[in-house]
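*Asks:*
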Amino acid sequence: MIKVRFANFMAAAAVLGLSGCGGGPAAGGSGGSTNPPPPTVVVNGAYTGSYTATGQTATSVMGALTATSPGYFVDANGFVFVVPPVPSSGTLSGTVTGYAPPGETFSSGSAVQTFSISGSATGANGSAVSGTLTGGGITANVTLASSPITSPTLAALAGSYTGFYTGSTQATLSVTLKSDGTFTGFDSFGCSLTGTVATATGGMFTLTATSSGSGCAGTVTGLSFASSSDLGQVFSGAAGSYLYVGASNATSAFAAELKHQ
10 MIKVRFANFM AAAAVLGLSG CGGGPAAGGS GGSTNPPPPT VVVNGAYTGS
60 YTATGQTATS VMGALTATSP GYFVDANGFV FVVPPVPSSG TLSGTVTGYA
110 PPGETFSSGS AVQTFSISGS ATGANGSAVS GTLTGGGITA NVTLASSPIT
160 SPTLAALAGS YTGFYTGSTQ ATLSVTLKSD GTFTGFDSFG CSLTGTVATA
210 TGGMFTLTAT SSGSGCAGTV TGLSFASSSD LGQVFSGAAG SYLYVGASNA
260 TSAFAAELKH Q
């Protein structure tokens with residue numbers, strides 16, 4: 010049975026306020042109290058950290074979360090996890106869908122596995138995320154911290170990129186991105202890549218891509234962000250402009266890190 014490492018991501022904290030018990034106003038005072046509104050948590054951007062599954066050592070993870078669309082995280086072995094949007098309350102609950110990389114499965118024997126999450130995001134900008142993910146006979150704890158993104162315009166983002174799908178196989182891909190957000194490319198699996206990147210909230214980008222060819226993923230949707238850091242350390246920490254993507258459909262998913270050439 011394949012020993013699974015997987016990313017578990019979550020955020021959630023219910024902020025419960027005490028309601029004032031109000032009688033009639035007393036002489037010289039008020040009979041009720043007003044509670045401040047719960048804090049607003051803005052979760053939108055890149056995150057890095059680690060998770061620890063029961064009986065296993067910590068595994069590094071990276072990815073992205075937003076308040077408006079599903080986010081993703083990927084571990085160093087290429088297992089991708091798609092998580093629900095995180096609302097302004099900081100609460101995240103629901104279903105996480107995990108995707109095994111090509112040729113591997115989860116401990117259940119399936120290439121796609123569902124999990125449940127609960128946890129909390131703290132700080133006004135959701136800078137710290139922690140929680141628990143359960144499913145498929147596995148429980149894991151995750152600790153994440155926000156990572157800076159560069160938020161370029163599409164025109165500034167345009168150019169040629171080469172990089173790697175995240176995972177142990179280090180399969181390569183190359184794309185050319187135009188200033189209108191359209192791109193074309195190819196990968197070492199023999200798939201042709203086409204699609205569109207569009208500007209989203211807070212410097213993030215949404216992604217629609219089609220991977221065409223025998224055994225290729227088909228059309229996927231997801232998130233993308235830009236950074237000046239080699240978060241996955243696949244370029245030996247070299248300085249440069251990096252583009253990160255994570256996308257999925259019902260049956261497959263991928264994550265990749267690319268460097269501007």
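10 is the number of the first residue of the sequence shown in this note's numbering; add one for each residue after it.
From the three backbone atoms N, C-alpha and C, an ideal C-beta is built for every residue, glycine too.
CA-CA distance, P79 and G211?
*Replies:* Along the sequence shown, read from residue 1 onward, the residue named residue 79 stands at position 70. Along the sequence shown, read from residue 1 onward, the residue named residue 211 stands at position 202. Distance between the alpha carbons of P79 and G211: 15 angstroms.
*Asks:* In whole angstroms, what separates the C-alpha of V52 from that of Q179?
*Replies:* Position 43 of the sequence shown holds residue 52. Position 170 of the sequence shown holds residue 179. Those two C-alpha atoms are separated by around 30 angstroms.
*Asks:* Taking only the alpha-carbon atoms, compute the straight-line gap between G241 and M71 and give it to the nearest angstrom.
*Replies:* Here residue 241 refers to the residue found at position 232 when the sequence shown is read from its first residue. Here residue 71 refers to the residue found at position 62 when the sequence shown is read from its first residue. One C-alpha to the other measures close to 8 angstroms.
*Asks:* Measure the alpha-carbon distance for N86 versus A247 and round it to whole angstroms.
*Replies:* What you label residue 86 is simply residue 77 of the sequence shown in a count that begins at 1. What you label residue 247 is simply residue 238 of the sequence shown in a count that begins at 1. Distance between the alpha carbons of N86 and A247: 21 angstroms.
*Asks:* Once the 5 residues before and after A256 are set aside, which same chain residues still bring their CB inside 7 angstroms of it?
*Replies:* Start at 1 with the first residue of the sequence shown, and residue 256 comes out as number 247. If we look at A256 and ignore the five residues flanking it on each side, its Cβ neighbours are L216, A218, V229, T230, G231, A262 and F263.
*Asks:* With a CB to CB cut of under 6 angstroms and the five nearest residues on each side skipped, what residues in its chain are close to A120?
*Replies:* In the sequence shown, counting from the first residue as 1, residue 120 sits at position 111. A109 and T114, listed in sequence order.
*Asks:* If you run the structure through DSSP and keep just helix, strand and coil, what is A164?
*Replies:* Translated into positions along the sequence shown, residue 164 becomes position 155. Three-state DSSP puts A164 in a helix.
*Asks:* Going by DSSP, what residue range makes up the beta strand (DSSP E) through A55?
*Replies:* As a first step, residue 55 is located in the sequence shown; it is residue number 46 there, counting from the start. First-last of the beta strand (DSSP E) with A55: G54 to A62.
*Asks:* Which whole-angstrom value describes the C-beta separation of C200 and S183, a residue pair presumed to lie in contact below a C-beta threshold of 8 angstroms?
*Replies:* Here the question's residue 200 lines up with position 191 in the sequence shown. Here the question's residue 183 lines up with position 174 in the sequence shown. Wrong, their Cβ atoms sit about 12 angstroms apart, outside the cutoff.
*Asks:* Where does T260 land, buried or exposed, given buried means 16+ other C-beta within 10 angstroms?
*Replies:* The sequence position of residue 260 within the sequence shown is 251, counting from 1. The residue is exposed, with fewer than 16 neighbouring Cβ atoms inside 10 Å.
*Asks:* Cβ of A235 within 8 angstroms of Cβ of P157?
*Replies:* For the purposes of this step, residue 235 is taken as the residue at position 226 of the sequence shown. For the purposes of this step, residue 157 is taken as the residue at position 148 of the sequence shown. Result no, Cβ atoms of A235 and P157 do not sit closer than 8 angstroms.
*Asks:* Is it right to say A73 is buried, meaning 16 or more other beta carbons lie within 10 angstroms of its own, or is it exposed?
*Replies:* Counting from one through the sequence shown, the residue named residue 73 turns up at place 64. Label assigned to A73: buried.
*Asks:* Measuring alpha carbon to alpha carbon, tell me which of T159, T49 and T193 ends up nearest D239.
*Replies:* Counted from its first residue, the sequence shown places residue 239 at position 230. Here the closest residue by C-alpha is T159.
*Asks:* Ordered along the chain, which non-local residues of its own chain (more than five positions away) have a Cβ less than 8 angstroms from that of A185?
*Replies:* For this step, residue 185 is matched to residue 176 along the sequence shown. For the record, residue 185 in the displayed sequence is Thr; it is not Ala. G168, S169, Y170, F192, T193 and G194.
*Asks:* Consult DSSP for G222 and reduce its assignment to one of helix, strand or coil.
*Replies:* By 1-based counting over the sequence shown, the position of residue 222 is 213. In the structure shown, G222 sits in coil (DSSP, three-state: anything other than H, G, I, E or B).
*Asks:* With DSSP as the reference, please indicate the residues paired to K268 in a beta bridge.
*Replies:* The residue given as residue 268 occupies position 259 in the sequence shown. K268 is bridged to T171 and Y251.
*Asks:* Am I right that T61 and N150 are in contact with their C-beta atoms under 8 angstroms? What's the rounded C-beta distance?
*Replies:* Working through the sequence shown from its first residue, we reach residue 61 at position 52. Working through the sequence shown from its first residue, we reach residue 150 at position 141. 5 angstroms between Cβ atoms; contact.
*Asks:* If I measure Cβ to Cβ from P96 and keep anything under 7 angstroms in the same chain, skipping five residues before and after, which residues do I get?
*Replies:* Numbered from 1 along the sequence shown, position 87 holds the residue referred to as residue 96. Once the five neighbours on either side are set aside, the close Cβ partners of P96 are A76.
*Asks:* Rounded to the nearest angstrom, how far is the Cβ of S127 from that of A154, given a contact under 8 angstroms?
*Replies:* Position 118 of the sequence shown holds residue 127. Position 145 of the sequence shown holds residue 154. In fact, because the Cβ distance is near 19 angstroms, the residues do not count as touching under 8 angstroms.
*Asks:* So F124 packs on G144, CB below 8 angstroms; how close in whole Å?
*Replies:* Start at 1 with the first residue of the sequence shown, and residue 124 comes out as number 115. Start at 1 with the first residue of the sequence shown, and residue 144 comes out as number 135. Contact flag correct, Cβ pair sits at about 3 angstroms.
*Asks:* From the DSSP secondary-structure annotation, give me the bridge partner or partners of Q122.
*Replies:* As a first step, residue 122 must be located in the sequence shown, where it is residue number 113. G107, per the DSSP bridge assignment.
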